[in-house]
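The sequence shown maps to residues -18 to 578 in my numbering.
For each residue, glycine too, the CB sits at the ideal point set by N, CA and C.
Since we're looking at a predicted model, the values are computed, not measured.
The structure appears right after this line, and notes come after that.
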Amino acid sequence: LDNVLDVTVWPLPQQQEEARNKRRVGLGFTGLGGALVMLGLRYDTEHARAQARHIAEVLRDAAYEASVELARERGAFPLFNADLYLSGSSFASRLPQALKDRIRTHGLRNSHLLSIAPTGTISLAFADNASNGIEPPFSWSYTRRKRMADGSFKEYAVQDHAWRLYRHLKGADAPLTPAFVTALEMSAQAHAAMVAAVAPYIDTAISKTVNVPADYPYADFSDLYLQAWLSGLKGLATYRPNRVLGSVLSTTTAAPAAPLTINDANRRLALDRLPAPVLSSLRWPGRPELPAGNPAWTFLVHHPFGDFALFVGELAPVEGGAPRPFEVWINGAEQPRGLGALAKTLSMDLRANDAAWLQLKLDALATVAEERAFEMPFPPLGQKRLFPGVVAATAAVIRWRCEQLKALPGGGQSGPTPVLDAMFSRDEPLTGPSGTLAWAVDVDNPATGETFTLTLKEITLPGHDGMAVTRPCAVGFSGNYPRALDGLARLLSLDMRVIDPAWIGMKLRKLLNYAEPLGSFMAFVPGLPPNERRQQTWPSTVAYLARLIIHRYAMLGVLNEKGFPVRDMGVLETPDNDDTGITLAGSTCPECGNSTV
């Protein structure tokens, strides 16, 4: 680099004089983002910033050592003054003392040595498309747009070097580690934080692009640049795509930026911000002890495949108010399979003391469509109403009764919304056309003839220690299964988006002992090592589904295999006498290890 200064033909003599008086060069690096991925460090974490800080420090010291050696051989740059160069708050004053002593003795060949350039074209042409400069990978596969000599544009499909190397080493189907995060999947603040970590070791400037969505709010822009200024950064570039100018780089399916939208099929959904609910703001929705019993309201549901009774249990009114609904259950030999599990789950929501949360659950059930719509007499006068299925009809009856008891918003029931406030997303996160990773498992109950696939959509959330946490955010089924399970899936999907995993853990544990007549079957226990693989009797398909979902949470390190949180967030206040043991079946056979029916 020092030789380049002497052989460069400068347009103006003043430029040549300036270059030779200071002999500025710009040594930098490229591929930082890809290197962090291969080290297993997620770019937007403190661990990654610490590693980048160390890399920049080693580069700085080595560059200045080399410039000292060049000064000994060729002389210091003409304007070098040791006292001025090493005094005050200059960059060189922060160098290690031994290095400063050598500079004072021998001088320095170059006044400035370090800069981190964009290196986009260099990385693409000479580094096998490694991540450029200080940037994280833009995407694992994307389209690069190049302007041609005739003014037209040509697009190239490219793939990231670290992504291809990982696939080569681990296999095409190997799951990506949490370190695989792209520029579009992290917050603007995370981009700026990396610059702030490296800047103290760079004596000129850093080229850094902060990718923001097209609808990025002005207040967030202001806060971003204020934080950059407070961090002592010289500058920061933000890039917001627009339809007029387009973009040099784009993912396969360019779409207007929106929250919770991913950009390629090898990544999970990601969320940058989480709610901060008050500790112990969620009360344990256990069934109250009622030694004298409780009244219940009953409604007979007339369904084409059989009638059944719907019960809404109620607590006695307090101080002249209306009775309070606190549980729902289904009774009857012809009740749809799986509907009782839905009622069991909804009962806990009735006891959550959050009217808006209950309304959200009932709204989710109101549109569950099944194979056959039907008409049913509806209270209070028995007029016929058309429903898309038995789940929607059941939800409508429960809603009517809750409205009669003023247990929903707008009916005299207001107040705090602790469960609603603890959700990280009220709506199911949408993937866009590129799709996302999910976890799926096949379920086969020969006793009932049910054969279907359980699928969990997953999302990446910020963790308490800076490391991302992957969690399920929605559940669904496909295949031959009781359509009432679609209603259960909608309820559990909302529960999954409560920030404290203790909430969904509680809901799933309550279903582990859910039994159905003639519904028990044998299936393998999830989570066991291959040498301990065995089958067990499950009291119902629902109970097995609950166990499978708990196992997935355990695989992700969120819950343990018993359904309890690995780390207590403290948002859900749990009782001291909560029973951790769930009895699923009879005694264990000493010969085969299976439980008796």
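Where residue i falls, given that 16 or more other Cβ within 10 Å makes a residue buried
i, result
"residue 151", "exposed"
"residue 322", "buried"
"residue 142", "buried"
"residue 461", "exposed"
"residue 176", "buried"
"residue 64", "exposed"
"residue 167", "buried"
"residue 404", "buried"
"residue 165", "buried"
"residue 113", "buried"
"residue 340", "buried"
"residue 45", "buried"
"residue 129", "exposed"
Residue i - DSSP class collapsed to helix/strand/coil
i, result
"residue 491", "helix"
"residue 183", "coil"
"residue 481", "coil"
"residue 334", "coil"
"residue -11", "coil"
"residue 61", "coil"
"residue 43", "helix"
"residue 282", "strand"
"residue 260", "With a pLDDT of only 44 at residue 260, under the threshold of 50, the placement of this residue in the model should not be trusted, and no figure is reported."
"residue 516", "strand"
"residue 18", "helix"
"residue 452", "strand"
"residue 349", "coil"
"residue 436", "strand"
"residue 423", "strand"
"residue 269", "coil"
"residue 72", "helix"
"residue 8", "strand"
"residue 1", "helix"
"residue 321", "helix"
"residue 504", "strand"
"residue 540", "strand"
"residue 81", "helix"
Top-ranked residue by Cα proximity to residue i, from the options
i, options, result
"residue 179", "30, 543, 11 and 366", "30"
"residue 373", "543, 460, 353 and -12", "353"
"residue 82", "296, 202, 49 and 109", "49"
"residue 363", "437, 40, 280 and 42", "280"
"residue 319", "140, 408 and 500", "500"
"residue 284", "310, 438, 304 and 359", "359"
"residue 147", "466, 439, 15 and 345", "15"
"residue 329", "73, 415, 487 and 185", "487"
"residue 308", "272, 276, 337 and 282", "276"
"residue 476", "-1, 207 and 456", "456"
"residue 580", "4, 336, 204 and 268", "Look at the range of the chain in this structure, -18 to 578, and you will see that residue 580 is not part of it."
"residue 433", "415, 459, 193 and 527", "459"
"residue 389", "344, 356 and 413", "344"
"residue 91", "311, 75 and 56", "56"
beta-carbon residue i near the ligand NAP non-hydrogen atom, thresh 7 Å
i, result
"residue 541", "Here there are no bound small molecules, and the ligand NAP is not part of this structure."
Chain B contact for residue i (CB, 8 Å cutoff)
i, result
"residue 212", "Of the chains in the structure shown, none is chain B; there is only one protein chain."
*Could I get the ranges of all uninterrupted alpha helix (DSSP H) runs contained in the region 139 to 203, with 4 residues as the minimum, in chain order?*
Counting only runs that start and end inside the region 139 to 203, the alpha helix (DSSP H) elements of at least 4 residues fall at 142 to 151 and 169 to 179.
*What alpha helix (DSSP H) runs, 4 residues minimum, are completely inside the region 111 to 137?*
none
*Check whether the region 517 to 531 touches the region 424 to 431, taking contact to mean three or more Cβ pairs, one atom from each stretch, closer than 8 Å.*
yes
_Entirely enclosed beta strand (DSSP E) segments - the region 371 to 416, minimum 3 residues_ = none
*Tell me, please, whether the region 523 to 532 touches the region 472 to 492 by the rule of three or more beta-carbon pairs shorter than 8 Å.*
In the pairwise beta carbon analysis, the region 523 to 532 is classified as touching the region 472 to 492: at least three pairs are separated by under 8 Å.
*Are at least three pairs of beta-carbons, each pair with one atom in the region 369 to 383 and one in the region 344 to 352, less than 8 Å apart?*
yes
*Per the contact definition of three or more C-beta pairs closer than 8 Å, is the region 90 to 100 in contact with the region 3 to 22?*
yes
_Across the region 195 to 208 and the region 105 to 112, are there enough close Cβ pairs to call them in contact, namely three or more that are closer than 8 Å?_
no
*If we count Cβ pairs, one from each stretch, closer than 8 Å, do we get three or more for the region 293 to 303 versus the region 503 to 513?*
Note that the region 293 to 303 does not touch the region 503 to 513; fewer than 3 beta-carbon pairs, one per stretch, sit closer than 8 Å.
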